[in-house]
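Residue numbers (the working numbering), protein chains in the order written: chain A, 39 to 339; chain B, 8 to 319. Where a beta carbon is used, it is the ideal one built from N, C-alpha and C, also for glycine.
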Amino acid sequence: MTPDEVTTLACQQCNGALQVGRLDKTSTCPWCGSGNIVKRPPRPGMPQPSFVIGFTKSADEVKRDVKAWSKRASFWAPRAFRRLEVEQLRPVYLPAYLVSGVAQGQWNARSGYSYTTVKQKRGKTVVSSQTEWHAVEASYALRVHDLLLSASQCVSNGELQALEPYDLGRLARYSDAAIAGWPAEEPARDVNSLDDALLEEMKTALAPRLRALVPGETVDQFRFTYSLVDPAFAAVLVPVWTMMVRWHETKPRVRVLVNGQTGQVTGKVPTSWLKVTVTVLLVLAALGGAIWWLSREGRLS
Amino acid sequence: MSDCVRCHSVLEAGDLRCPVCSLPPPVVEGTRTVTSKVLRCKECHAALRYSEEFARTVCGFCGAALELEVSTDPMEHAEAWVPFSVSKAEAVASLKRWLSKRGFFAPGDLAEASRVDSMHPVAWAAWIVTGAANVTYGTDVQGYGRKATFGPATGSFSKQLNLIVPATQGLSLEEVVELGVYDVATAQADALANVPGEDFGVTRTSARTRILEGVRADAVGEIARLHKGRLRKTNVEVMLTGLFTRRLLLPVWVLAYRYRNEKFRVVIHGQRERTVIGKSPISPWRVLGAIAASLGLVAALLGALALYERFH
Numbered sequence: 039m040t041p042d043e044v045t046t047l048a049c050q051q052c053n054g055a056l057q058v059g060r061l062d063k064t065s066t067c068p069w070c071g072s073g074n075i076v077k078r079p080p081r082p083g084m085p086q087p088s089f090v091i092g093f094t095k096s097a098d099e100v101k102r103d104v105k106a107w108s109k110r111a112s113f114w115a116p117r118a119f120r121r122l123e124v125e126q127l128r129p130v131y132l133p134a135y136l137v138s139g140v141a142q143g144q145w146n147a148r149s150g151y152s153y154t155t156v157k158q159k160r161g162k163t164v165v166s167s168q169t170e171w172h173a174v175e176a177s178y179a180l181r182v183h184d185l186l187l188s189a190s191q192c193v194s195n196g197e198l199q200a201l202e203p204y205d206l207g208r209l210a211r212y213s214d215a216a217i218a219g220w221p222a223e224e225p226a227r228d229v230n231s232l233d234d235a236l237l238e239e240m241k242t243a244l245a246p247r248l249r250a251l252v253p254g255e256t257v258d259q260f261r262f263t264y265s266l267v268d269p270a271f272a273a274v275l276v277p278v279w280t281m282m283v284r285w286h287e288t289k290p291r292v293r294v295l296v297n298g299q300t301g302q303v304t305g306k307v308p309t310s311w312l313k314v315t316v317t318v319l320l321v322l323a324a325l326g327g328a329i330w331w332l333s334r335e336g337r338l339s
Numbered sequence: 008m009s010d011c012v013r014c015h016s017v018l019e020a021g022d023l024r025c026p027v028c029s030l031p032p033p034v035v036e037g038t039r040t041v042t043s044k045v046l047r048c049k050e051c052h053a054a055l056r057y058s059e060e061f062a063r064t065v066c067g068f069c070g071a072a073l074e075l076e077v078s079t080d081p082m083e084h085a086e087a088w089v090p091f092s093v094s095k096a097e098a099v100a101s102l103k104r105w106l107s108k109r110g111f112f113a114p115g116d117l118a119e120a121s122r123v124d125s126m127h128p129v130a131w132a133a134w135i136v137t138g139a140a141n142v143t144y145g146t147d148v149q150g151y152g153r154k155a156t157f158g159p160a161t162g163s164f165s166k167q168l169n170l171i172v173p174a175t176q177g178l179s180l181e182e183v184v185e186l187g188v189y190d191v192a193t194a195q196a197d198a199l200a201n202v203p204g205e206d207f208g209v210t211r212t213s214a215r216t217r218i219l220e221g222v223r224a225d226a227v228g229e230i231a232r233l234h235k236g237r238l239r240k241t242n243v244e245v246m247l248t249g250l251f252t253r254r255l256l257l258p259v260w261v262l263a264y265r266y267r268n269e270k271f272r273v274v275i276h277g278q279r280e281r282t283v284i285g286k287s288p289i290s291p292w293r294v295l296g297a298i299a300a301s302l303g304l305v306a307a308l309l310g311a312l313a314l315y316e317r318f319h
């Protein structure tokens, strides 16, 4: 952080100097340990938080969840990764936007219906099944709710998607009480910079709902257009545990994120190139052996 | 209660955001300069910290807690009663009239020999839903194919809603459908004397799910009216605006009548005495007589055919 990005405030408990980063919504006093909540003037395009989802997973539970996740890692992960050590475990209220609005557009597809035909061919009855295709299209307007988009500088929308779902039934109206004593971030992305991520989220949310509207026993060439009308962006703080995990002395540490409400874990699992190389060599050896055996038997022309 | 500024649906106390379109109320917070604040306990003035264990903010010194404001999900309660306009005597007369018109297979003495066993005024629970719905649908319709039996139908339409969505446990869905509409303009906040009112027995969240199911079922009914023929795989997307729901108790007479030691239940609309729903006995003699007459007719026809063939 550059000096411009740091503001020095007085701790409201002990009057000690409190260093506050540009995107810190809370700060813990280094002198007395009190949790200070930072109040800022509104910024254009950055709505004030409307809602917050409180943490329900403790640090100990999260450590257990991460260990269990590493043990379930794929076959290609290094063996040492399954015995990783959790370091620098840190909770953070991550800023995000809950987007709602009316999705409008058109869909088109081919709907197929099967029927059977009976024909006489050289004195024999031939029964065949065929498909009758109809071109179908329709315009639509439907509500989309609860599209969750990251507004954080550090956590991408893809990473947040990997942590979802959050139980929005536990959504609480934002109050300082919900984040008191916990690190929280200010939004770093304004609502106008979300277009690509929003369109991607909308596509994912709309596809199954529109696909269900297509009639037919079989469906082919399903396509749809979409746009969001009258959108509303509600700023929400979602609970995330972040940590760096060390699994090897010389290898880079891996960043792992955990949903602070459900314990869902996400992170980039490293690949063991030794395992990959050995597997490729074994496959090549097996192929070579098979070819040698077939040629010796004279079955290879 | 207030209106959502986006979809004009009615928000109720305890709603954090619009139940139809999810729009939250605007946030009016902010300062002119960057400042810091420590949240203090109202009891002992110690600094507070949110506790993940208790999912609320707890004072580590005196144990005082600050609850977060979450969406409430209260049990549904009736807000008004619709009064009876059919008296007990009119209901009994209506039953007699209905019994006398039960058709050929009913016993001839059904109206005279039947005795009312029990009779209760009951107020059944229902949500009265008004608003507008924009429906988009896709369905398979029998007869719409060229060579195949089924073919596709898609489309969209708008309709004004004025629905009764039942919350009752005492009446069957068929009975509710046959009861039809009520004039709810006369609904009153005071309970009706000596009339037991049904409990809704569900939370607001469950109620909203059931109301949406009711709206969807109504939309499917409209699609069936638009496309003649058997439908299958009907899927709808319903976009609601201006949704307003009232929780009412609707009047109905529930009777049990006895005919030759057999008991039958009848439900009479509390506002329209001609709407009578129930079951009635079938006379086995009349059924046997009908079968015998049919067989006799068939035998006579066969005999006539045999005679015709013999002489021609």
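In this structure, does DSSP put B/Val188 in helix, strand or coil?
In the three-state DSSP reduction, B/Val188 falls in the coil class, being neither helix nor strand.
Counting only beta-carbon atoms, is A/Trp107 nearer than 9 Å to chain B?
A/Trp107 does not count as touching chain B.
Cα-Cα separation between B/Leu238 and B/Thr146, rounded to whole angstroms
Computed Cα separation, rounded: 7 Å.
Is A/Gln302 helix, strand or coil when you go by DSSP?
Assignment of A/Gln302 by DSSP, reduced to helix, strand and coil, places it in the coil class.
Would you identify the three-state DSSP class for A/Arg120, choosing helix, strand or coil?
Three-state DSSP puts A/Arg120 in a helix.
For A/Pro246, which three-state DSSP category applies?
Taken through DSSP and simplified to helix, strand or coil, A/Pro246 comes out as helix.
With DSSP as the reference, please indicate the residues paired to B/Gly88 in a beta bridge.
One detail in the question is off: residue 88 of chain B reads as Trp in this sequence, not Gly. According to DSSP, B/Trp88 shares a beta bridge with B/Gln195, B/Leu256.
Under the three-state DSSP convention, the category A/Ser138 falls into:
For A/Ser138, the secondary structure class from DSSP, reduced to helix, strand or coil, is strand.
At least one CB of chain A closer than 9 Å to the CB of B/Cys28: is that the case?
A Cβ of chain A is located within less than 9 Å of the beta carbon of B/Cys28.
Quick one: residues in its chain with C-beta nearer than 7 Å to the C-beta of B/Arg254, no 5 flanking neighbours on either side, listed in chain order?
Cβ-Cβ distances below 7 Å link B/Arg254 to Glu83, His84, Ala85, Glu86, Trp134, Phe207 in the same chain, with the five nearest sequence neighbours on each side left out; the list follows chain order.
Given B/Trp105, which residues of its chain have a CB within under 7 Å of its CB, disregarding the five upstream and five downstream residues?
If you ignore the 5 residues before and after B/Trp105, its C-beta comes within less than 7 Å of the C-beta of Val283, all in its own chain and listed in chain order.
If you follow the beta strand (DSSP E) that A/Phe271 is in, where does it begin and where does it stop?
Here the beta strand (DSSP E) through A/Phe271 covers 265-284.
B/Thr216 versus A/Ser138 - alpha carbon distance
Approximately 19 Å between the Cα atoms of the pair.
Please tell me whether B/Arg223 has its Cβ less than 9 Å away from any Cβ of chain A.
Closer than 9 Å: no.
For B/His276, which residues of its own chain have a beta-carbon under 6 Å away from its beta-carbon, when the five flanking residues on both sides are left out?
Contacts found: Leu186, Thr282.
Where the alpha helix (DSSP H) through A/Gln199 begins and ends:
Where A/Gln199 is concerned, the enclosing alpha helix (DSSP H) stretches over 195-201.
To the nearest angstrom, how far is it from the Cα of A/Arg345 to the Cα of B/Cys28?
Given a span of 39 to 339 for chain A in the structure shown, any question on residue 345 of chain A remains unanswerable.
Cβ contact check for the stretch 147-161 of chain A and the stretch 247-264 of chain A: 3 or more pairs under 8 Å:
With a cut-off of 8 Å, the stretch 247-264 of chain A and the stretch 147-161 of chain A count as touching, because enough Cβ pairs lie within range.
May I ask which residues mark the beginning and end of the alpha helix (DSSP H) holding B/Phe318?
Unbroken alpha helix (DSSP H) run through B/Phe318: 291-318.
Chain A contacts made by the stretch 64-83 of chain B, where a contact means CB separation under 8 Å
Residues passing the 8 Å Cβ filter: Thr64, Leu73, Leu75, Glu76, Val77, Ser78.
Nearest candidate by alpha-carbon position, reference B/Leu256, set B/Lys154, B/Pro26, B/Ala198, B/Ala98
Ranking the options by Cα distance to B/Leu256, first place goes to B/Ala198.
Does any CB atom of chain B fall closer than 9 Å to the CB of A/Arg78?
Yes, contact with chain B.
According to DSSP, is B/Trp134 part of a helix, a strand, or is it coil?
The DSSP-derived three-state label of B/Trp134 is strand.
Please compile the residues from chain B whose C-beta is within a distance smaller than 9 Å of the C-beta of A/Arg102.
Correct list: empty, because the minimum Cβ distance to chain B is about 14 Å.
Evaluate A/Arg334 with the Cβ neighbour count: other Cβ atoms within 10 Å of its Cβ, from every protein chain shown; 16 or more gives buried, anything less gives exposed.
Under this definition A/Arg334 is an exposed residue.
Can you find a CB in chain A that lies within less than 9 Å of the CB of B/Leu247?
So, interface residue.
Hey, is the stretch 240-249 of chain B in contact with the stretch 124-144 of chain B, meaning 3+ C-beta pairs nearer than 8 Å?
In short, these stretches touch, since the Cβ pair count reaches three.
Less than 9 Å separating the beta-carbons of A/Ser88 and A/Ala273?
Yes. Within cutoff.
Just tell me which of A/Ala200, A/Val182, A/Glu223 has its CA closest to the CA of A/Leu244.
Cα-wise, what sits closest to A/Leu244 is A/Val182.
Out of A/Thr163, A/Gly336, A/Ala270, A/Val100, which has the shortest C-alpha to C-alpha gap to B/Pro33?
Across the set A/Thr163, A/Gly336, A/Ala270, A/Val100, the C-alpha of A/Ala270 shows the shortest separation from the C-alpha of B/Pro33.
Which residues in the same chain as B/Arg24 place their Cβ atom closer than 7 Å to its Cβ, once the five residues preceding and following it in sequence are excluded?
So the qualifying residues of the chain are Leu30, Pro31.
Can the beta-carbon of B/Val259 be found closer than 9 Å to that of B/Ala130?
Taking C-beta atoms as the reference points, B/Val259 and B/Ala130 count as a pair closer than 9 Å.
Would B/Thr137 count as contacting chain A if we go by Cβ distances under 9 Å?
Among the residues facing chain A, B/Thr137 is not included, as its CB has no counterpart in that chain under 9 Å away.
Give the residues of chain B in contact with A/Trp220, contact being defined as C-beta atoms less than 7 Å apart.
Taking a Cβ-Cβ cut-off of 7 Å, the neighbours of A/Trp220 in chain B comprise Tyr57, given in sequence order.
Around the Cβ of B/Tyr315, are there at least 16 other Cβ atoms within 10 angstroms (buried) or fewer (exposed)?
With fewer than 16 Cβ atoms within 10 Å of its Cβ, B/Tyr315 is classed as exposed.
Mapping DSSP to helix, strand and coil, what is A/Gly327?
In the three-state DSSP reduction, A/Gly327 falls in the helix class (H, G or I).
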